[in-house]
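What follows is a short report on a single structure.
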Amino acid sequence: LFTTPLLLYDLALLTDADRGTILGLIGADAFMIITGLVGALSTVYKWRFVWWAVSDAALIYILYVLYFNLGQKARQMEGDRASTFNVLRNLTVVLWILYPIWWVLGTEGAGVVPLFVETAGFMVLDVTA
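Under my numbering, the first residue of the sequence shown carries the number 156, and numbering increases by one thereafter.
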């Protein structure tokens, strides 16, 4: 609940986003993280996936805002700021999409990936994101 809101805040600042957009992004991010945690802590297998889907809905909202709302603002900018935003946004989006996929493959989800591989994968994602 610390680094990802800051990352979204920085991306929003690059586009001169208004306060409402920034607060919406940060709120959705906190909601996404908390519901993902609830899913991971759930002892009922079915509910893990329900919470995973709820968390993913928040992620989809975040991606929408990054691509459409902030993307539109970035297209109106000129020079390095717009290209910097686009590169950072695209990198963030690709890495963030990998998190729920890795979660569902890991021990909290379908259990396809063993714990040590899952942990290593999340470590790589955390360092690169």
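Beta carbons are placed, not taken as given, at the ideal position from N, Cα and C, and that holds for glycine.
Start and end residues, alpha helix (DSSP H) containing residue i
i, result
"V263", "According to the sequence shown, residue 263 is Glu rather than Val. Here E263 belongs to no alpha helix (DSSP H), and DSSP marks it neither H nor E."
"D210", "First, the amino acid is wrong: residue 210 is Ser here, not Asp. Y200 to Y219 is the extent of the alpha helix (DSSP H) around S210."
"A172", "First-last for A172: undefined, no H or E at that position."
Where residue i falls: helix, strand or coil (DSSP)
i, result
"T283", "helix"
"S197", "coil"
"Q227", "helix"
"M232", "coil"
"L156", "coil"
Where residue i falls, given that 16 or more other Cβ within 10 Å makes a residue buried
i, result
"Y254", "buried"
"R244", "buried"
"I215", "exposed"
"G266", "exposed"
"L169", "buried"
"D184", "buried"
"E233", "exposed"
"T283", "exposed"
"M278", "exposed"
"L180", "buried"
"L178", "exposed"
"A208", "exposed"
Query raised in the report: With a cut-off of 8 Å, do at least 3 Cβ pairs link the region 232 to 244 to the region 264 to 279?
Result: no
Report task. Flag this pair as touching only if the region 256 to 265 and the region 201 to 208 have three or more C-beta atom pairs under 8 Å; answer yes or no. Result -> yes
Query raised in the report: Can at least three beta-carbon pairs, one atom from the region 161 to 176 and one from the region 188 to 202, be found at a separation below 8 Å?
Result: no
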